[in-house]
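Protein chains in written order, with the working numbering: chain A, 4 to 377; chain B, 4 to 377; chain C, 4 to 377; chain D, 4 to 377.
There are 4 protein chains.
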Amino acid sequence: MKPQARAEDVQRVCEKIESLGFRAHPMPGAQRTAIGITGNPGAIEPAEFESLPGVAEAIRVSKPYKLVSREVKSEDSLIRVGPSAKLENRNSKLETGNSEPAAGDGDFDSRASSSDSRTSSFIVGGPELAIIAGPCAVESREQALAAAECVKKAGARLFRGGAFKPRTSPYSFQGLGKQGLEILAEVRRATGLLIVTETIDPENCDLVEEYADVLQVGARNMQNFSLLKRVGRSRKPVLLKRGMSATLEEFLMAAEYVLSEGNYNVILCERGVRTFADHTRNTLDLSVIPAVKRLSHLPILVDPSHGTGKRDKVIPLSRAAVAVGADGLIVEVHPQPERALSDGYQSLSPGEFESLMREVSAIAGVIGRRTSLA
Amino acid sequence: MKPQARAEDVQRVCEKIESLGFRAHPMPGAQRTAIGITGNPGAIEPAEFESLPGVAEAIRVSKPYKLVSREVKSEDSLIRVGPSAKLENRNSKLETGNSEPAAGDGDFDSRASSSDSRTSSFIVGGPELAIIAGPCAVESREQALAAAECVKKAGARLFRGGAFKPRTSPYSFQGLGKQGLEILAEVRRATGLLIVTETIDPENCDLVEEYADVLQVGARNMQNFSLLKRVGRSRKPVLLKRGMSATLEEFLMAAEYVLSEGNYNVILCERGVRTFADHTRNTLDLSVIPAVKRLSHLPILVDPSHGTGKRDKVIPLSRAAVAVGADGLIVEVHPQPERALSDGYQSLSPGEFESLMREVSAIAGVIGRRTSLA
Amino acid sequence: MKPQARAEDVQRVCEKIESLGFRAHPMPGAQRTAIGITGNPGAIEPAEFESLPGVAEAIRVSKPYKLVSREVKSEDSLIRVGPSAKLENRNSKLETGNSEPAAGDGDFDSRASSSDSRTSSFIVGGPELAIIAGPCAVESREQALAAAECVKKAGARLFRGGAFKPRTSPYSFQGLGKQGLEILAEVRRATGLLIVTETIDPENCDLVEEYADVLQVGARNMQNFSLLKRVGRSRKPVLLKRGMSATLEEFLMAAEYVLSEGNYNVILCERGVRTFADHTRNTLDLSVIPAVKRLSHLPILVDPSHGTGKRDKVIPLSRAAVAVGADGLIVEVHPQPERALSDGYQSLSPGEFESLMREVSAIAGVIGRRTSLA
Amino acid sequence: MKPQARAEDVQRVCEKIESLGFRAHPMPGAQRTAIGITGNPGAIEPAEFESLPGVAEAIRVSKPYKLVSREVKSEDSLIRVGPSAKLENRNSKLETGNSEPAAGDGDFDSRASSSDSRTSSFIVGGPELAIIAGPCAVESREQALAAAECVKKAGARLFRGGAFKPRTSPYSFQGLGKQGLEILAEVRRATGLLIVTETIDPENCDLVEEYADVLQVGARNMQNFSLLKRVGRSRKPVLLKRGMSATLEEFLMAAEYVLSEGNYNVILCERGVRTFADHTRNTLDLSVIPAVKRLSHLPILVDPSHGTGKRDKVIPLSRAAVAVGADGLIVEVHPQPERALSDGYQSLSPGEFESLMREVSAIAGVIGRRTSLA
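Put into structure tokens, the structure is as follows:
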């Protein structure tokens with residue numbers, strides 16, 4: 004749409020699209036609104052739309068992904084996490100004029116945010132790097148609160164911690180479940196940190212959605228299409244981790260599943276891929292960051308903890324991730340790594356996380372980004 | 004347990020295990036019954052059990068997988084698919100004296116088998132190779148019936164066809180859903196072929212279970228632990244495909260999830276892994292067949308269609324799969340491959356499938372196996 | 004060229020090619036002779052050649068490989084190994100009317116064959132599978148002769164054994180060098196087995212060439228282009244192993260280097276590729292066999308010893324290799340595997356090799372091939 | 004050796020080692036001299052050495068690599084490239100008290116350095132990052148000089164350019180050969196840039212060694228052990244690129260080959276590994292940098308040009324490489340990338356290289372390193 008297009012122009016185009024039996028995806032940006040069309044079995048005649056008022060141009064997208072593509076939306080998406088002004092999101096997406104239409108509408112996520120007066124929202128994809136830190140799994144109230152205090156003090160704005168843990172062995176600790184979610188809610192109340200936690204299947208999403216500020220979809224579920232569709236119908240932002248052997252196209256197509264259901268608030272995350280190399284648990288593929296930036300408007304984070312699987316590699320690779328242009332980091336930090344129930348060997352101690360924050364802040368400073376420290 | 008152990012001896016050991024707060028998994032074999040113990044946080048003193056009547060020995064399993072392991076059950080598992088004598092499975096697993104305690108109990112799967120007088124059961128893992136053939140997706144009643152007639156005529160005993168299709172793109176054909184399952188039921192009634200079809204999430208399993216003789220878990224869901232637990236609570240056999248980048252240990256641990264929930268009827272399936280090699284869609288790892296045979300009692304099939312992704316490689320790799328020792332094949336066959344809605348480029352024509360059957364029957368003959376042809 | 008083309012027609016075409024400043028590669032086959040052209044910077048006008056007497060057609064080859072391609076030579080190449088009638092190879096390649104113009108010309112390889120009245124030549128790529136067996140490294144006269152006697156008795160026709168060993172560590176046993184070659188010559192005299200041994204650099208090739216019947220280029224040297232060019236100037240057949248992470252195209256291009264220097268006697272060999280999978284040392288990629296057969300006229304063997312790195316996988320994968328269509332096997336056999344100086348864990352004992360021969364002979368029998376046993 | 008150990012103490016230990024039939028490798032450092040022992044078939048009794056004067060301790064190295072290991076030499080190696088004071092290197096290594104005993108001794112490399120009064124040496128592994136830039140291949144005098152002028156102006160201190168090019172196809176441009184080396188010598192005379200160029204086989208090394216300041220061993224030759232041994236006998240520093248599918252251990256063992264022959268001046272280089280990922284030509288494995296730093300005293304560079312194979316990824320990955328702790332970069336720069344005879348799609352233009360230098364200088368500044376710019 005043209006920059007000066009009015010809400011009713013957008014509305015008219017959407018109606019036209021839907022009258023043809025297709026699905027319209029209006030995605031407002033700072034300058035102008037893009038409208039994606041999906042559900043069309045073949046090519047559509049651009050001229051049908053270019054004559055409508057307010058339409059700037061109609062572009063045929065050649066890639067298998069559409070809504071995630073820069074061809075559809077050229078400017079970077081900014082994903083708002085946490086409580087946002089309700090009025091902003093109350094009405095139609097089309098009227099809001101911003102790119103995070105659905106995030107954090109307070110109507111339904113009362114446990115998540117209504118009473119958290121200390122919690123403010125955070126924009127992923129903007130100049131401040133999103134630093135998400137916390138333990139692999141929520142193990143106890145004490146552990147979670149201790150971890151949260153220290154990562155907050157060091158400068159993190161979001162807290163990670165699994166209540167439901169996908170584990171390779173059925174006999175490994177599978178997370179505290181709902182009790183873990185309650186603890187995460189308490190962490191938010193106590194610290195104001197926003198909560199990122201994993202959802203493991205569509206049914207489970209009903210519960211996790213009530214507590215989380217960001218719904219994490221793990222690497223093993225990147226092509227769990229039932230789960231992708233379910234989080235696509237959520238109003239919470241989604242952190243989508245790259246699968247262990249996912250190509251870039253498969254990764255973007257997984258995000259496309261979420262967007263195609265109407266949830267445009269997807270944050271991608273590189274967490275290492277599986278290769279023959281055995282000096283790290285996975286091979287962190289930092290080249291995917293500029294590759295995503297070229298093809299897609301979605302922000303992308305890096306998980307150096309799973310990406311390397313070794314504590315002493317986390318800080319150097321965090322520096323590299325920021326230098327390469329990632330929009331943030333998700334890092335495992337445990338108050339006592341040696342006692343962690345899972346992934347202790349890759350979790351940073353509080354002191355190490357402070358070093359990480361100092362070092363990545365310095366890097367951020369010279370490439371036009373920042374952290375909460377500077 | 005000793006070969007001469009009585010049902011009450013087995014019962015007593017199970018009670019002892021459960022009185023300690025652990026879980027008992029009796030797995031009857033032709034010679035003797037093995038009882039797996041799970042749920043124990045640490046090592047258990049073998050002497051506690053070896054003194055009980057009927058106990059032959061108590062073995063500490065060092066591998067992360069237990070129930071799938073040959074250390075727990077040394078003889079090959081035979082998995083019965085399809086309608087079986089109800090009396091056989093009616094009562095306690097412990098009294099049946101065979102290794103497929105739960106398969107095909109007619110009580111709940113009325114759609115699946117009660118009225119299919121032509122359908123007889125099939126044993127996977129025995130001397131006759133399990134040949135599963137059919138289209139990638141059920142596209143229509145006509146297509147499915149035509150495919151079924153031709154694969155039956157050529158010698159297949161089981162029919163494959165997806166009603167729910169996990170597709171990389173949200174815009175690709177996702178299967179006919181419940182209508183596809185109805186068609187599969189008709190295929191069984193019309194041909195007597197047993198039905199293998201995919202289930203894609205725990206909720207979906209409730210529906211698929213009513214129709215399928217074998218529940219397929221696809222490669223992308225190999226570590227969808229919610230789905231693994233759900234099929235583990237089913238009484239239908241499970242065909243578990245190896246994930247695209249799953250190590251052997253992860254593959255066996257995925258099966259362990261199913262067994263640990265009480266369903267011991269797992270059929271493994273190698274379908275190619277992801278590598279740098281680009282002359283086939285995936286790299287079929289036939290060495291995993293003898294590796295599985297060494298570590299586990301479960302049968303394993305090969306999918307040369309997905310394993311190569313190219314029609315002209317399917318027959319040679321099928322020969323190789325049988326020669327290496329696989330317990331069967333799952334092959335895509337389409338009445339008109341060039342018109343298939345999915346995977347047409349890797350589907351065999353009816354005539355090609357007949358060639359495949361002739362060639363693998365000849366190989367089977369010289370290594371002590373057979374097909375329905377000979 | 005047309006089937007009835009005379010030697011002088013072939014000669015005339017070659018002269019024409021060379022008069023244009025290009026290089027001519029006449030490759031005689033059973034039916035007709037193909038003439039490859041290399042050295043042309045761009046496309047050549049086919050009409051320039053099609054008007055010459057005896058020319059059937061001029062085909063532009065679109066693939067990066069030319070001489071190895073079926074487009075240039077549609078029928079399978081048969082590679083003669085060992086002493087051949089001298090008269091046959093004495094004169095111009097163009098007059099010989101067979102496809103192994105240079106192999107075994109007795110003029111220069113006196114050590115290799117002149118006095119070996121017991122040694123007869125062998126055709127790789129014909130109905131009889133090429134079975135090459137022997138120890139990883141020649142360790143002593145006694146070990147080599149013992150190994151040779153047992154593999155000969157079991158039915159092998161060629162003997163493998165390294166005199167120069169490329170080893171990952173500079174501190175590992177590097178082979179006996181020239182003394183190893185002398186022992187190999189003795190093995191040939193004593194048993195009549197043809198000798199396959201590795202050459203590790205261009206200079207070293209001068210020496211190895213005097214002793215070997217087949218020059219092996221190892222996986223680590225598949226893109227050692229200096230060595231490829233050197234063996235391309237040899238008159239001995241070359242066994243070229245696929246590199247650890249070589250695509251099919253790179254593999255064929257490596258063979259193209261050898262052919263482009265004038266040695267058309269290349270035998271390819273799949274020996275496993277490097278992947279994430281850790282249950283075998285390498286992942287044996289049997290799908291490359293039909294893929295090579297489709298694109299190239301060169302024969303291809305399989306090395307199940309390096310391809311799996313585990314003794315108990317060698318026999319099943321040998322069966323599979325023959326079933327998939329390989330032209331033979333190269334297998335490590337050691338009289339006392341547990342005492343081998345290298346690769347003992349993957350070497351078969353004499354008894355195991357006898358089993359292998361029996362099993363692959365049975366498979367060969369049902370797919371229209373044979374071994375020396377049957 | 005103890006810090007205060009005298010040259011004669013070192014000498015005595017070396018003599019003792021050699022009297023036992025082993026090989027001594029004295030490696031002087033800033034603080035103290037380490038002496039590696041190789042050639043011992045089994046363990047040696049430490050007490051035999053600890054009683055000698057000047058010996059601080061005798062450590063048994065458990066890793067398969069010895070001389071490259073931090074266990075043998077704990078401080079970082081500094082590798083001097085280019086002309087160095089002749090007196091410094093004239094005499095025995097043991098007396099020099101520095102860690103680059105052999106580099107640039109003027110006696111034999113007259114073409115390389117004797118008349119290049121403008122050329123000063125450079126230390127790889129010190130605070131200043133080693134920036135090596137230039138075209139993939141030397142194509143002409145004009146191209147090379149133009150490239151050299153622009154990379155020098157932008158801040159590079161070393162020039163790369165291939166005279167002998169290992170190419171996948173025998174029909175691709177293979178480099179200008181000796182003429183290319185002459186041009187490189189002219190580049191050095193004209194600009195003072197130090198020359199890094201590839202040697203492709205042992206015989207070829209005799210020639211390249213006369214011209215190059217650093218002998219490059221390419222990824223395809225990482226396990227060309229004949230070449231490794233040959234450059235190990237050179238007195239020029241060696242730039243050793245990681246093989247396409249080399250594990251870290253194999254990479255370090257390849258370096259060990261060079262050191263074990265007496266050349267301790269090895270510079271490692273990560274250039275991407277082969278994986279399933281297809282958005283870049285190779286997958287740059289930056290985690291190997293801290294992994295090498297932990298295990299070895301050798302410096303390591305990153306090649307973002309081959310590591311990504313895409314021009315637009317070179318700058319972001321260069322920033323990341325410096326941030327992760329690499330000791331420098333080797334980058335392809337071509338005066339007119341679109342006209343390059345090889346690798347043009349991954350070569351930077353002069354302007355892009357200037358941007359790269361500015362950006363990596365900024366990153367270097369915040370992690371305690373620097374470039375020639377700052």
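Each residue gets a CB set at the ideal place from its N, CA and C atoms; glycine is no exception. The structure displayed is predicted, hence computed values, not measured ones.
Exercise for review: Closer than 8 Å by beta-carbon distance: list the chain B residues that pair up with residue 277 of chain D, in chain order.
Suggested key: The contact set of residue 277 of chain D on chain B, defined by CB atoms closer than 8 Å, consists of 279 in chain order.
Review point. Three-state secondary structure (DSSP) at residue 4 of chain C?
Key: If DSSP states are grouped into helix, strand and coil, residue 4 of chain C belongs with coil.
Review point. Taking buried to mean at least 16 other C-beta atoms within 10 Å of its own C-beta, is residue 245 of chain D buried or exposed?
Key: Buried, since its Cβ has 16 or more Cβ neighbours within 10 Å.
Practice item. Assign residue 209 of chain C to one of two classes, buried (16 or more other C-beta atoms within 10 Å of its C-beta) or exposed (fewer than that). Key: So residue 209 of chain C counts as exposed.
Point to revise | According to DSSP, residues forming a beta bridge with residue 49 of chain A | key: Answer is none; residue 49 of chain A lacks a bridge partner.
Review point. Should residue 397 of chain B go down as buried or exposed, given a rule of 16 or more other Cβ atoms within 10 Å for buried?
Key: Outside the shown range of chain B (4 to 377) lies residue 397 of chain B, about which nothing can therefore be said.
**Study point:** Residue-chain proximity (residue 285 of chain D, chain C), Cβ-Cβ < 7 Å
**Key:** With 7 Å as the cut-off, residue 285 of chain D does not count as an interface residue toward chain C.
**Study point:** Coarse secondary structure for residue 156 of chain D, derived from DSSP in three states
**Key:** Looking at residue 156 of chain D - three-state DSSP - the assignment turns out to be helix.
Review point. In chain A, which residues lie with their C-beta within 7 Å of the C-beta of residue 305 of chain D?
Key: Against residue 305 of chain D, chain A offers no close residue; the least beta-carbon distance is about 10 Å (beta-carbon pairs closer than 7 Å).
Check your understanding: residue 163 of chain A bridges to which residues according to DSSP?
Key -> Paired residues: A/199.
Review point. What is the DSSP secondary structure of residue 309 of chain D, reduced to helix, strand or coil?
Key: Assigned with DSSP and collapsed to three states, residue 309 of chain D falls in helix.
Check your understanding: What residue does the beta strand (DSSP E) around residue 335 of chain B start on, and which one ends it?
Key -> Looking at the DSSP string, the run of the beta strand (DSSP E) that includes residue 335 of chain B is 331-335.
**Study point:** Given residue 35 of chain D as reference, the closest of D/7, D/41, D/56, D/24 once Cα atoms are compared
**Key:** Nearest to residue 35 of chain D by C-alpha distance, out of D/7, D/41, D/56, D/24, is D/7.
Review point. Among B/248, B/255, B/207, B/14, which one has its Cα closest to the Cα of residue 233 of chain B?
Key: Of the candidates B/248, B/255, B/207, B/14, the residue whose Cα lies closest to the Cα of residue 233 of chain B is B/207.
Check your understanding: Tell me which same chain residues have a C-beta within less than 8 Å of the C-beta of residue 73 of chain A, skipping the five on either side of it?
Key -> Closer than 8 Å at the Cβ level, and outside the excluded window around residue 73 of chain A, lie 297, 298, 299, 300.
**Study point:** Test item: CB-CB of residue 124 of chain D and residue 158 of chain D under 7 Å
**Key:** No, the pair does not count as a contact, with Cβ atoms beyond the cut-off.
Check your understanding: Is it a yes or a no for the stretch 322-342 of chain B touching the stretch 347-358 of chain C, going by three-plus beta-carbon pairs under 8 Å?
Key -> Segment contact: the stretch 322-342 of chain B against the stretch 347-358 of chain C, fewer than three CB-CB distances shorter than 8 Å; contact not assigned.
Check your understanding: Can you tell me where the beta strand (DSSP E) with residue 314 of chain C in it begins and where it stops?
Key -> Taken as a continuous stretch (DSSP letters only), residue 314 of chain C belongs to no beta strand (DSSP E), being part of the alpha helix (DSSP H) at 314-327.
Practice item. Classify residue 340 of chain C as buried or exposed, calling it buried when 16 or more other Cβ atoms lie within 10 Å of its own Cβ. Key: Flag for residue 340 of chain C reads buried.
**Study point:** Status (buried if at least 16 other CB within 10 Å, exposed otherwise) for residue 83 of chain D
**Key:** By the 10 Å Cβ count, residue 83 of chain D comes out buried.
Practice item. State the DSSP-derived secondary structure class of residue 36 of chain C, mapped to helix, strand or coil. Key: Here residue 36 of chain C carries a strand assignment [DSSP, helix/strand/coil].
Check your understanding: Going straight from the alpha carbon of residue 53 of chain A to that of residue 267 of chain A, what length do you get?
Key -> So the two alpha carbons sit approximately 24 Å from each other.
Check your understanding: Considering only the beta carbon of each residue, do residue 242 of chain B and residue 219 of chain B sit closer than 7 Å?
Key -> Yes, they are a contact pair.
Practice item. Measure the beta-carbon distance from residue 166 of chain C to residue 184 of chain C and round it to whole angstroms, keeping in mind my assumption that it falls under 8 Å. Key: In this structure, residue 166 of chain C and residue 184 of chain C form a Cβ contact; the two beta carbons are roughly 5 Å apart against a cut-off of 8 Å.
Practice item. State the beta-bridge partners of residue 272 of chain B as determined by DSSP. Key: Listed as beta-bridge partners of residue 272 of chain B by DSSP are B/244, B/304.
Check your understanding: Are the C-beta of residue 294 of chain D and some C-beta of chain A separated by less than 7 Å?
Key -> Residue 294 of chain D counts as touching chain A.
Exercise for review: Using a Cβ-Cβ cut-off of less than 7 Å, give me the residues of the stretch 35-53 of chain C that come near chain D, in sequence order.
Suggested key: Correct list: 41.
Check your understanding: Does DSSP classify residue 341 of chain C as helix, strand or coil?
Key -> Here residue 341 of chain C sits in helix by DSSP.
Check your understanding: So is residue 342 of chain B buried or exposed if we call it buried at 16+ other beta carbons inside 10 Å?
Key -> With fewer than 16 Cβ atoms within 10 Å of its Cβ, residue 342 of chain B is classed as exposed.
**Study point:** Straight-line gap, residue 151 of chain D to residue 224 of chain D (C-alpha atoms, nearest Å)
**Key:** Their Cα atoms are separated by approximately 26 Å.
Practice item. Taking C-beta pairs closer than 7 Å, name the residues in chain B that residue 204 of chain A reaches, listed in chain order. Key: For residue 204 of chain A, the chain B residues whose C-beta falls within less than 7 Å of its own C-beta are 204, 205, 229, listed in chain order.
Practice item. Quick one: which residues of the stretch 168-189 of chain C get their C-beta closer than 9 Å to a C-beta of chain B? List them in chain order. Key: Cβ contacts with chain B come from no residue of the stretch 168-189 of chain C.
Point to revise | DSSP three-state assignment for residue 21 of chain B, whether helix, strand or coil | key: In the structure shown, residue 21 of chain B sits in a helix (DSSP, three-state: H, G or I).
Review point. Which two residues bound the contiguous alpha helix (DSSP H) that contains residue 183 of chain A?
Key: First-last of the alpha helix (DSSP H) with residue 183 of chain A: 181-194.
Check your understanding: By how many angstroms is the C-alpha of residue 30 of chain B removed from the C-alpha of residue 42 of chain B?
Key -> If you draw a straight line from the Cα of residue 42 of chain B to the Cα of residue 30 of chain B, it is about 17 Å long.
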